[in-house]
Each structure stands twice: as C-alpha cells, then as structure tokens.
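Trainee: Right, I'll just put the structure down here and ask away after.
Numbering (this note's numbering), first residue to last: 1166 to 1807.
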C-alpha cells in the first residue's frame, strides 16, 4: 500500500506552506490515493526532538459537507500538546478531488490510506494513533476499524453502523436525507449514483423508493461487521439526532468487546440536538481522559465499569427551545430497573397499561391531500406551513394520554410500537407516533417518535407491524402525562408554549416526509387487535395497572392495602368475561357521603387490576370506596391516618 500512495509536494507559495505556530510546524499538501484522487491535507508536526517511538498522532475527521478547516482547531489543540496532528478533506468535499460516495466504504478505504501514509511518515508512533470525528467523521473511522484498519483507538461522535438504512428508516424518507443529498457542488461533488438520490426522493414513486432502499445500505451499513472491531472505542451520541438513530450504537454495544468500550448517549453539538454547555464540558474531559489512558497509560478512572454507559436524560423545565438535562451512569445497557411498558390506545383520548375491552374497533385519522397534483418538492419549498401549504395538504392528528404519573419515571432506551392498521390508500400509507411530555398545566413538548411507512400496501387490508422508534432518555416528572399523537405529518408548531422556536433545526419541516396518497387511516384497538406503544421505563407508576390477565369468575372489589394508610394505598378489583362492555367506575367518598375522587372510570377487558389512591391533601379519617359496573356494586371502608 505504501508504494501505491504518492505524495505530491508542489514547491510554490500557492500550494505548499510551511509555517510555525507555537510549538509545531504546519504543512499543507495533496495526498494522492491509489485511484489517483488527491486529498487536501494538513499535518501539524511538533517542533523539537520526538519522544521515544515517535510523536503520538491525532487524526481529526470532518462531517459531511464540511472540510479539513472545520476540524483544524482541534488538531491544533493536540499539536500544542505534542501530538502530530492531521486533518484532511474527504473526497468530493473541500478542495479534495474525486466524487463523494455518500459516507461509504470508498471513504473508509481513503482513510486507511491516510493512516498508512502517517505510519510511514517520519517520527510518528504507529502504536499511538487515535482518530476523532463526528457524523461522517465518526462513521468513517468506525467503518474502517471494523473492516481491517489498525489504530490505537477511535472516538466516534453522532455515528451509526446502520447509517445507510437510517436515512430511510422504517419505510420513510428523512427530511435530513433530502438536505444532505442536495448540497450544491461547491460543498459536495456527488458521484453519478448519489446524484440521483434527490431526484428519486422528489419523484415520490414506489419504483424510486425501492431504488433508494436497495442502494443505500450497500457499502454503508456495517452492523454485521462490528464484531471485527477489537480496539477501544469511545462512542458519543445524541438522543435527538435527526440523521442517525442511536439505536444502531446501542446494538453495537452488545457486539463490541465490553472491556474496550465506553458510551455516552445524551445531548451534544450537532444533528439537531440541544446544545448544553455542561454536557459539552463533560464530553471534552472524557475525550482527554480516554486518550491519556489508551495512548499514554495514565490511570484516570476512565474505564470504571460502573460508568461504562453514561446517559443524559432530558426533563422539564424547558426554555429557549431546550430541555434541562440530568446525567447518570450504568455498568450495563439498558440501565437497571428498565421495564418495557405497553401503553394501549383507548377511545376518549386515553392511553392505558391494559388493553381496551369495549366495542369500538378502531380510531382513525385522515391523510388529507387537498390537491392530488401537489408534488413533494412544492411542499418542501413551503417548509410545510403557511397558506400555500394549507391549500395543498392538511395535517391531522389524534392524541392519547396516560393518567398523571404518581412519581418521576425515566424513559431509557428504544421505544417500539405494535400496530394493527388499515388504510383506504393503495401502495403507501404512513403512521407517525409522536411521544410528548405534558405538564399539569397542559404545556407539551416532544420527546421522541416512532414512524412507520408501509410501501407495499394493498388498500383496505388489515396489517400488523412491530416497529422501533428513535432511542431516547427522558424524565417524566410526577404529575405529568405521557401523550402519544397519531398523525399524518410528523412535525411540530413553529413556536412552543414559551414563545420560543419549538425545533430550531427542523423548524416546521417533518422528521419524515409524508405520504401524498389521500387516505383514511385506521388503527385497531380492541379484542385481539390491540395496538400499543412500548416504552422502556424506570419507576413508571400511573393510576391503573393490570396485575393478571387470567379471567376471574366474577366481579369483585378487594380491601385496600395497606390499611390504615398514609398517604397512599392500593385498591384491586376483578373483571370477568361477560360478553359485553365491562364499564367500571370506582369512586371515593368521605364519611358524610361527599364525593372525594373518581379513580376508575373505563371499559376493561377481563382480568385483575390495581389502582392507586393518594390521600395527600385530605384529612385523617374514615373513607369509603365504591365499585359500580352494570348490576354489580360493592363498597369497602379504608382509614387514612396522618
């Protein structure tokens, strides 16, 4: 390989510069690869006598559509610390030659040749090389070390081993994919295949989507090769990534050698994430500690097994378009205490932990395409808002709320949805589920989302799909509700409840481009077709939980426990199979007969259920709770002692 790489130094004021800044020299040059493409490179060489074995090496890789100058400041910082710093513009970007293959093995092979050149350069230490980069700059090094490149360690930010298919995740097309494959030629020069991606998106046909679905994973997805990586890897990803789902890196965590990894999932600068100063400071220190340990053997606790997975969770309060964030650590993923909680869709805008037992078969929302001739390009140009947009397309949504949470609950991991659905559309139908945190005052803010676009649909056929959403961590505060919106357009209003821009990155553009097929969409909710979402939650407690799905022989109301209680107690009741609606109401009264609270008011499938009653704010004394359903009625006594 070293003989296939030619280094061209043009000895002129315009093409070669050698300057001094502090303790290092800067050399700019063109590196010729084995296929003749020349990469624009800068290397920063410390002045003075190199240490035994040569200078340690810091290679800093840039994101898509950027160039070497974006990452030069970080390389300079490392050069100041005595590293041989190196940056380069990837092919088809910056002043490098060639055509971009859209973050693929082509660019990974280029990086392998860059590393070979550095190893052959004078006074570099082949055993002390690390690479750091984000987005494209994080994916390409990760791909390269999974396919044979040997360096000491990599630090990969905002990356995914499933990045090719992430652009069209679950049958959709991300808005960010359209943006990224549509740069002008002064930013990115695409090869002929990649140049067709944008027209294929705008064509909005099954044939063109199938072409995207075929080509994008090839030489871009590498999850099945992650097990080849045996070097230490520091992962730093953002939950709010509008490009790449963190789910891919979570999957990698189960494949990479446990002793070689440390992973951070939270907030970071890029890809539509909240920019939180405390999180940036934390990650900067982790990076320095990681490099000190793996290149220089400095014992600094960075590999503490209890901090193997660091995750930051968003939470209220929110201001200036951003959440507050809280950081935690875990030796494993998912963290201890996570339970996959199924939340079922019910009529009346309810989201419950038990399936619906009534007669209503489904809920529905329309995909209203008001102009059958409207194009995707037209809607994109409106940013999906304003009078021009409203004349062509109508957003519709229905929402479902849990009861108020009785204590803080933490979402940590990947949400899923199990859908039974049908549509009047042929060929394509879309179901977007947005997950919100709703405060007691009604203020809501988007947390995460689950999207499914069926690209092979036959009209009016009932289908089933179990589909993943965007991995996330969020703390729902006590008193909040979890809200799920089913919608035909996955965007948010321009302004939130504070008057701030709701999403400063996407603005009013959708996460997934919508279907342009007029349709009435059904989601089935009863009997054996109960649709639900599944959230990985810690300490999730709401009003009613199903204790058993075994069918009881009769209705019954059990004695509360504990009793006496202060301030909370639990009440269980059973519901038999009756062949009709089992509408149950349980109300609490004080000793005078005054209604204190209605704690159950819903249809139930057969089973045993448990609800919580909280006496905070009530005086000590005797209270009664009564269950009514059809011809059945039962009353029990409980005692609140403070």
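Each residue gets a CB set at the ideal place from its N, CA and C atoms; glycine is no exception. Everything numeric in this text was worked out from a predicted model, so none of it was measured.
Report the option in 1334, 1352, 1189, 1237 whose CA atom is closest to the CA atom of residue 1230.
Mentor: The residue with the shortest Cα to Cα distance from residue 1230 is 1352.
Trainee: Terminal residues of the continuous alpha helix (DSSP H) containing residue 1810?
Mentor: Any answer about residue 1810 is impossible in this case: the structure gives the chain only from 1166 up to 1807.
Trainee: At the level of alpha carbons, what is the spacing between residue 1282 and residue 1373?
Mentor: So the two alpha carbons sit approximately 40 Å from each other.
Trainee: Per DSSP, what kind of secondary structure is residue 1762 in: helix, strand or coil?
Mentor: DSSP places residue 1762 in strand when its eight states are reduced to three.
Trainee: How would you write the range of the alpha helix (DSSP H) that residue 1238 sits in, first residue to last?
Mentor: Element bounds for residue 1238: 1233-1245.
Trainee: Relative to the alpha-carbon of residue 1541, which residue among 1554, 1530, 1194, 1297 has its alpha-carbon at the smallest distance?
Mentor: Per the Cα distances, 1554.
Trainee: Could you give the first and the last residue of the continuous alpha helix (DSSP H) run that contains residue 1264?
Mentor: First-last for residue 1264: undefined, no H or E at that position.
Trainee: Excluding the 5 residues flanking residue 1595 on each side, which residues of the same chain have their C-beta closer than 6 Å to its C-beta?
Mentor: Cβ neighbours of residue 1595 beyond the five flanking positions: 1618, 1680.
Trainee: Between the Cα of residue 1516 and those of 1710, 1605, 1722, spot the shortest distance and give me the residue it belongs to.
Mentor: Minimum Cα distance to residue 1516 is reached at 1710.
Trainee: Rounding to the nearest angstrom, what Cα-Cα distance links residue 1186 and residue 1669 in this structure?
Mentor: For residue 1186, the pLDDT reaches just 46, beneath the cut-off of 50, and the residue's location in the model is therefore unreliable, although a value from the coordinates is still provided. Rounded to whole angstroms, residue 1186 to residue 1669 spans 37 Å at the Cα level.
Trainee: In this structure, what does DSSP give as the bridge partners for residue 1598?
Mentor: Answer by DSSP bridge pairing, in chain order: 1615, 1651.
Trainee: Please classify residue 1569: does DSSP put it in a helix, a strand, or coil?
Mentor: In the structure shown, residue 1569 sits in coil (DSSP, three-state: anything other than H, G, I, E or B).
Trainee: Which two residues bound the contiguous beta strand (DSSP E) that contains residue 1310?
Mentor: Where residue 1310 is concerned, there is no enclosing beta strand (DSSP E), although the alpha helix (DSSP H) it sits in stretches over 1301-1310.
Trainee: Once you ignore the five residues that flank residue 1421 on each side, which residues in its own chain have a CB closer than 7 Å to its CB?
Mentor: If we look at residue 1421 and ignore the five residues flanking it on each side, its Cβ neighbours are 1391, 1394, 1398.
Trainee: To the nearest angstrom, how far is it from the Cα of residue 1242 to the Cα of residue 1417?
Mentor: Near 30 Å, if we compare the C-alpha coordinates of residue 1417 and residue 1242.
Trainee: So, residue 1583 versus residue 1697, is the Cβ gap smaller than 7 Å?
Mentor: Going by C-beta atoms, residue 1583 is nearer than 7 Å to residue 1697.
Trainee: Can you give the beta carbon distance from residue 1535 to residue 1558, rounded, assuming they're within the 8 Å contact cut?
Mentor: About 6 Å; that satisfies the 8 Å criterion.
Trainee: Flag this pair as yes or no: are the beta carbons of residue 1460 and residue 1221 separated by less than 7 Å?
Mentor: Cβ distance < 7 Å, so residue 1460 and residue 1221 count as in contact.
Trainee: For the beta strand (DSSP E) that residue 1641 lies in, which residues bound it at each end?
Mentor: That run of the beta strand (DSSP E) goes 1637-1641.
Trainee: Apart from the five residues on each side of it in sequence, which residues of its chain come closer than 6 Å, Cβ to Cβ, to residue 1511?
Mentor: For residue 1511, where only same-chain residues beyond five positions count, the Cβ hits under 6 Å are 1517, 1521.
Trainee: Buried or exposed: which applies to residue 1745, given that a residue is buried once 16 or more other Cβ atoms fall within 10 Å of its Cβ?
Mentor: Residue 1745 should be labelled exposed.
Trainee: Kindly give me the distance between the Cβ atoms of residue 1131 and residue 1343, rounded to whole angstroms, as I take these residues to be in contact under 8 Å.
Mentor: Within the shown structure, residues of the chain are numbered from 1166 to 1807, placing residue 1131 beyond reach of any answer.
Trainee: If you pair each beta-carbon of the segment 1190-1202 with each one of the segment 1213-1227, do three or more pairs fall below 8 Å?
Mentor: No, because fewer than three Cβ pairs between the segment 1190-1202 and the segment 1213-1227 fall closer than 8 Å, the two stretches do not touch.
Trainee: Assuming residue 1471 contacts residue 1500 (C-beta within less than 8 Å), just tell me the rounded distance between them.
Mentor: That pair is no contact at about 11 Å.
Trainee: If contacts are defined as beta-carbon pairs under 8 Å, then residue 1761 and residue 1754 qualify, I think. What distance do you get, rounded to the angstrom?
Mentor: Their Cβ separation, rounded to whole angstroms, is 6 Å, which keeps residue 1761 and residue 1754 in contact under 8 Å.
Trainee: Report the rounded CA-to-CA distance for residue 1733 versus residue 1706, giving the unit in angstroms.
Mentor: The straight-line gap from Cα to Cα measures roughly 12 Å.
Trainee: Quick one: grab the DSSP three-state call for residue 1664.
Mentor: Residue 1664 falls in the coil class under three-state DSSP.
Trainee: Out of curiosity, what's the CA-to-CA distance linking residue 1419 and residue 1412?
Mentor: Whole-angstrom Cα-Cα distance: 11 Å.
Trainee: Is the beta carbon of residue 1741 closer than 7 Å to that of residue 1772?
Mentor: Contact flag unset, no.
Trainee: Out of curiosity, what's the CA-to-CA distance linking residue 1325 and residue 1414?
Mentor: Roughly 6 Å separates the two Cα atoms.
Trainee: In or out: residue 1300 buried (at least 16 other Cβ within 10 Å) or exposed?
Mentor: When all chains shown are included, residue 1300 counts as buried.
Trainee: Which stretch, first to last residue, makes up the alpha helix (DSSP H) that contains residue 1344?
Mentor: Element bounds for residue 1344: 1340-1345.
Trainee: Could you say which of 1611, 1568, 1545, 1236 lies nearest to residue 1347 if we only look at CA atoms?
Mentor: The shortest C-alpha separation from residue 1347 is found at 1545.
Trainee: Quick check on the DSSP output: the beta strand (DSSP E) that includes residue 1525 runs from which residue to which?
Mentor: No beta strand (DSSP E) holds residue 1525; DSSP gives it neither H nor E.
Trainee: For residue 1228, which option in 1439, 1249, 1624, 1265 has the closest C-alpha, if you only look at C-alpha atoms?
Mentor: It is 1265.
Trainee: If I follow the unbroken beta strand (DSSP E) through residue 1365, where does it start and stop?
Mentor: Note, residue 1365: premise wrong, no beta strand (DSSP E); alpha helix (DSSP H) at 1362-1368.
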